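A.B. asks: Let me begin by handing over the structure; questions about it come next.
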Amino acid sequence: MSRSSEVTDPAPAEPRPPEEPAPLLRVEHLSIDLPGPAGPVRVVDDVSFTVAAGRTTGLIGESGSGKTMTATAIIGLLPVGAAVSGRMLWHGADLVTMAEQDRRRLRGRGIAMIFQDPQAALDPTQTIGRQVGEILRRGGMPAKEVRQTVIDLLDRVGVPDPETRHAQYPHQYSGGLRQRAMVATALAGSPQLILADEPTTALDVTVQARILALLRRIRDEEAMAMLLVSHDLRVMAHVADEVVVMYAGRICEVGSGREVLNSPAHPYTRALVVSVPAVRSKTAIAEPLPGSPASPAERPSGCPFHPRCAKAQDRCRSDVPQMRQVAAGRQVACHFPEEM
Amino acid sequence: MTRYALRTAATGVLIIFGAATLVFFIMRIAPGDQALVLLGPDATGAEVAAARTRLGLDQPLPIQYWHYLTQLATLDFGESYRFGQPAFELVLSRLPASVELTLVATVIAMSGVVLGALAGAYRGRWIDRGISGFALTLYSMPPFWIGIMLILVMALQLRLLPSAGTGTPAHIVLPALTLAAPFTALLTRITRSSVADTMAEPYVQRAYAKGLSTREVVTGHVVRNAATPVVTVGALHVSTLLGGAVIVESVFTWPGLGSLLVTAVANRDYSIVQVAVLLIAVIVVCCNVAADLIAARLDPRVRLGAGA
Ligand SMILES: Nc1ncnc2c1ncn2[C@@H]1O[C@H](COP(=O)(O)OP(=O)(O)OP(=O)(O)O)[C@@H](O)[C@H]1O
Ligand code: SF4
Ligand SMILES: [Mg+2]
Chain A
1 MSRSSEVTDP
11 APAEPRPPEE
21 PAPLLRVEHL
31 SIDLPGPAGP
41 VRVVDDVSFT
51 VAAGRTTGLI
61 GESGSGKTMT
71 ATAIIGLLPV
81 GAAVSGRMLW
91 HGADLVTMAE
101 QDRRRLRGRG
111 IAMIFQDPQA
121 ALDPTQTIGR
131 QVGEILRRGG
141 MPAKEVRQTV
151 IDLLDRVGVP
161 DPETRHAQYP
171 HQYSGGLRQR
181 AMVATALAGS
191 PQLILADEPT
201 TALDVTVQAR
211 ILALLRRIRD
221 EEAMAMLLVS
231 HDLRVMAHVA
241 DEVVVMYAGR
251 ICEVGSGREV
261 LNSPAHPYTR
271 ALVVSVPAVR
281 SKTAIAEPLP
291 GSPASPAERP
301 SGCPFHPRCA
311 KAQDRCRSDV
321 PQMRQVAAGR
331 QVACHFPEEM
Chain B
1 MTRYALRTAA
11 TGVLIIFGAA
21 TLVFFIMRIA
31 PGDQALVLLG
41 PDATGAEVAA
51 ARTRLGLDQP
61 LPIQYWHYLT
71 QLATLDFGES
81 YRFGQPAFEL
91 VLSRLPASVE
101 LTLVATVIAM
111 SGVVLGALAG
121 AYRGRWIDRG
131 ISGFALTLYS
141 MPPFWIGIML
151 ILVMALQLRL
161 LPSAGTGTPA
171 HIVLPALTLA
181 APFTALLTRI
191 TRSSVADTMA
201 EPYVQRAYAK
211 GLSTREVVTG
221 HVVRNAATPV
231 VTVGALHVST
241 LLGGAVIVES
251 VFTWPGLGSL
261 LVTAVANRDY
271 SIVQVAVLLI
281 AVIVVCCNVA
291 ADLIAARLDP
301 RVRLGAGA
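Protein chains in written order, with our numbering: chain A, 1 to 340; chain B, 1 to 308.
Structural data, given as structure tokens:
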């Protein structure tokens, strides 16, 4: 009795537990159809998750699972012809129905994005400083102030000697430095949410670790929210507070990063985890995932993972498993999840 | 940079030498010669032979060629046998009119860059379809036909503009439009495809992610990156405009290099044809160099020497 009253009591004096801060972005039943040669293809199907201030939500899944499309939908830069349904609530306002004008104002300032390939994502004909400061300049900041702010930003993300290097061009930067410059560009608009799409995939392993440390530091210092897209579980284990596992455009499993990666409930997550030895020190040998990822254009019936699932039963082939709660803050879309 | 300069200089000399040689032999291979033109169809064989000796045309071709080259090397371009004046001076006196026409045509053709940029930025939309259709139509019409149509409609039917000669600024409109038409179409097409390709670049996506509007993205990031092929092709084409001017100047009796060249060819006035062609070759080479330099200027990777 006393326990339940503890839960239902408003208890305003009690600080909010760190696991559940107010969500900044609430994605609800997001579906995306892209035009394909044989009609529209549903590349993201009924996806729901939240991103909270000061937290990092990780989006994991193999290639083609719809991670980039989900992030691109949030910033509103889907390819021409994409049809979106569902809701994306940003401070209570729905991004899906928001006027393009308002969405544009949000880009860079409310929601910023860091891209996978820092080489291709920087304009080769403009200095780094100009690109980092572009959003400030467009916002009407005087040139002198922009220059100083850019130098400070570059310094903050660890670009050495920013006084000289802000005047250099992308080809004069190494891959790691370019990605730091991209992070500085994202920070320039003081966004509340940063979408980072495979921010380290194009980099050397040692550089990867440094960029991840940088992202973590920024999240902590600025209390920014981050949606980190990656197929690399080691990256997730490093940075993600919450994890969303996607397969063929659908969510398999949602939960705290620690718990999902330590004791996966969905067979797909489990298969992902055992395919990478370093994630779980208990597993000495990596078992590569059998088969190849399902294409959203030919998504298998029932549970899309069933052709590759060792636990698949008849029911898996016919019935789509719905998301259900298996533990506190833990949801799984599987007919036969692992015991928690 | 020194290597580039040396290579460019060597290529330039080679092109000019080639043009000099070609024009020499083509003029001599063509039937009829100066003696026949000078004396008319009624001249006797003896008269023609005497004139040939006087003009040095009786010597074997290799000797004439050698003679021509040594003269060129000392910048002696000979005299026009028709006008009795130094050929170089005659050609130079006609150059300003041609340059004026070419420049005005180039300025008109710049509208193609704006049209192409619009079409490329809005690829697949109605504005793109309209502009691309217009450019294709323009591109497929022969310049002399455009010229005749302009004369028929603007000068003869509507009596808006003069169809021939010089004197007032209005006189340049029709020849410049005619000369500009294919160039405009070319610039539109090249700019469109270059801008459309650039719009698909990841850094353009990223610029959108900063909250820029399409106009800001295009002016801020696309124009500079899409400019290189446009500038290269454009600068090269400015030199071919001189070739187009030959026809256009004749149609509109514009007193430039082109109309001088046409009469000189008809008269077998070798010296003038040779100088005019050499001058055009020099201008072509200069345009090439300008194209390279501007392209290098636009791309910091070239300008600063890219490591990667
Ligand atoms: N412009 C597009 N037009 C049509 N289909 C697309 C387009 N871009 C991606 N797709 C398809 O959408 C699906 C989801 O793609 P998405 O890029 O979101 O995957 P991802 O999870 O980010 O994969 P990766 O790890 O390879 O980046 C894929 O099947 C892909 O083929
Ligand atoms: S629903 Fe069935 S096929 Fe799908 S993951 Fe669970 S057990 Fe495997
Ligand atoms: Mg992706």
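Glycine is no exception: its CB is placed at the ideal position from the N, C-alpha and C atoms.
Remember, it's a predicted structure, so these values are computed and weren't measured experimentally.
Tell me which residues of the stretch 192-221 of chain B have at least one Cβ-Cβ distance to chain A shorter than 9 Å, keeping chain order.
C.D. replies: Glu201, Pro202, Tyr203, Val204, Gln205, Arg206, Ala207, Tyr208, Ala209, Lys210, Gly211, Leu212, Ser213, Glu216, Gly220 and His221
A.B. asks: Would you call the stretch 46-61 of chain A and the stretch 21-38 of chain A in contact, with 3 or more CB pairs under 8 Å?
C.D. replies: yes
A.B. asks: What is the DSSP secondary structure of Asp102 of chain A, reduced to helix, strand or coil?
C.D. replies: In the structure shown, Asp102 of chain A falls within a helical segment according to DSSP collapsed to helix, strand and coil.
A.B. asks: Would you say Pro321 of chain A touches ligand 2, meaning its beta carbon is less than 7 Å from a heavy atom?
C.D. replies: For ligand 2, at least one heavy atom lies less than 7 Å from the Cβ of Pro321 of chain A.
A.B. asks: In chain order, what residues of the same chain have a beta carbon less than 7 Å from the beta carbon of Leu55 of chain B, not counting five sequence neighbours either side?
C.D. replies: Gln34, Ala35 and Tyr81
A.B. asks: Answer yes or no: does any C-beta atom of chain A fall closer than 8 Å to that of Asp269 of chain B?
C.D. replies: no
A.B. asks: When burial is assigned at 16 or more other CB atoms within 10 Å of the CB, is Ile74 of chain A buried or exposed?
C.D. replies: Counting Cβ neighbours within 10 Å, Ile74 of chain A comes out buried, since at least 16 surround it.
A.B. asks: Once the 5 residues before and after Gly108 of chain A are set aside, which same chain residues still bring their CB inside 6 Å of it?
C.D. replies: The residues Ile135 and Gly189, in chain order, have a CB closer than 6 Å to that of Gly108 of chain A in the same chain once the five nearest residues on each side in sequence are set aside.
A.B. asks: What do you reckon, is the C-beta of Ser263 of chain A under 7 Å from a heavy atom of ligand 1?
C.D. replies: Result no, Cβ not under 7 Å from ligand 1.
A.B. asks: Could you give the DSSP three-state label for Thr21 of chain B: helix, strand or coil?
C.D. replies: helix
A.B. asks: Do Gly302 of chain A and Val43 of chain A come within 8 Å of each other at the CB atom, strictly closer than that value?
C.D. replies: no
A.B. asks: Say the cut is 7 Å; is the CB of Glu62 of chain A nearer than that to a heavy atom of ligand 3?
C.D. replies: no
A.B. asks: Whole angstroms is fine: what's the gap from Ala213 of chain A's alpha carbon to Pro267 of chain A's?
C.D. replies: Cα to Cα, the separation comes out at about 30 Å.
A.B. asks: When the Cβ atoms of the stretch 232-244 of chain B are set against those of the stretch 170-190 of chain B, are three or more pairs found closer than 8 Å?
C.D. replies: yes
A.B. asks: Starting from the Cα of Val326 of chain A, find the closest Cα among A:Lys311, A:Glu253, A:His306 and A:Pro300 and give me that residue.
C.D. replies: A:Glu253
A.B. asks: Nearest-angstrom Cα distance between Gly40 of chain B and Glu47 of chain B?
C.D. replies: 11 Å
A.B. asks: Please report how far the alpha carbon of Arg156 of chain A lies from the alpha carbon of Arg206 of chain B, in whole angstroms.
C.D. replies: 21 Å
A.B. asks: Are there any heavy atoms of ligand 3 lying less than 7 Å away from the beta-carbon of Thr70 of chain A, as far as the coordinates show?
C.D. replies: no
A.B. asks: In chain order, what residues of the same chain have a beta carbon less than 6 Å from the beta carbon of Val302 of chain B, not counting five sequence neighbours either side?
C.D. replies: Ala296
A.B. asks: Below 8 Å on the Cβ atoms is my contact criterion, and I expect Ser65 of chain A with Asp45 of chain A to pass it. Report the Cβ-Cβ distance as a whole number of Å.
C.D. replies: With a Cβ gap of about 11 Å, Ser65 of chain A and Asp45 of chain A do not count as contacting.
A.B. asks: By Cβ distance below 7 Å, which residues in the same chain neighbour His171 of chain A in space, the five residues on each side in sequence not counted?
C.D. replies: Excluding sequence neighbours, His171 of chain A sits near Pro124.
A.B. asks: Going by DSSP, which residues form a beta bridge with Tyr208 of chain B?
C.D. replies: BP columns for Tyr208 of chain B are empty, so no partner.
A.B. asks: Using a Cβ-Cβ cut-off of less than 8 Å, list which residues of the stretch 293-304 of chain B approach chain A; keep chain order.
C.D. replies: Leu298, Asp299, Pro300, Arg301 and Leu304
A.B. asks: DSSP on Trp145 of chain B, reduced to helix/strand/coil?
C.D. replies: helix
A.B. asks: Keeping to the same chain, check which residues put their C-beta closer than 6 Å to that of Pro15 of chain A; ignore five residues upstream and five downstream.
C.D. replies: Bear in mind that a pLDDT of 46 at Pro15 of chain A, under 50, signals an unreliable position, so the model cannot answer this.
A.B. asks: Per DSSP, Pro40 of chain A is paired with what?
C.D. replies: A:Pro35
A.B. asks: I want to verify the contact list: residues of chain A whose CB lies under 7 Å from the CB of Arg224 of chain B, in sequence order.
C.D. replies: Thr125
A.B. asks: Any idea what DSSP makes of Val262 of chain B, helix, strand or coil?
C.D. replies: helix
A.B. asks: In chain order, what residues of the stretch 129-148 of chain A put their CB closer than 8 Å to some CB of chain B?
C.D. replies: Glu134, Ile135 and Arg138
A.B. asks: Around the Cβ of Ser85 of chain A, are there at least 16 other Cβ atoms within 10 angstroms (buried) or fewer (exposed)?
C.D. replies: exposed
A.B. asks: May I have a chain-ordered list of the beta strand (DSSP E) segments no shorter than 3 residues that lie completely inside the stretch 169-239 of chain A?
C.D. replies: Counting whole runs of 3 or more residues, the stretch 169-239 of chain A contains the beta strand (DSSP E) stretches 193-197 and 225-229.
A.B. asks: What residues of chain B sit near Ile32 of chain A, judged by a beta carbon separation below 7 Å?
C.D. replies: The premise fails here: Ile32 of chain A is roughly 17 Å from chain B at the closest Cβ pair, so nothing lies under 7 Å.
A.B. asks: Determine, using beta carbons only, whether Pro199 of chain A and Ile211 of chain A come nearer to each other than 8 Å.
C.D. replies: Yes.
A.B. asks: I'd like to know whether the C-beta of Ala82 of chain A is nearer than 8 Å to at least one C-beta of chain B.
C.D. replies: no
A.B. asks: Please report the distance separating the alpha-carbon of Leu152 of chain B from that of Gly112 of chain B.
C.D. replies: 25 Å
A.B. asks: Compute the beta-carbon to beta-carbon distance between Arg234 of chain A and Val260 of chain A, rounded to the nearest angstrom, for a pair I have assumed lies under 8 Å.
C.D. replies: That belief does not hold up - the Cβ atoms of Arg234 of chain A and Val260 of chain A are roughly 14 Å apart, past 8 Å.
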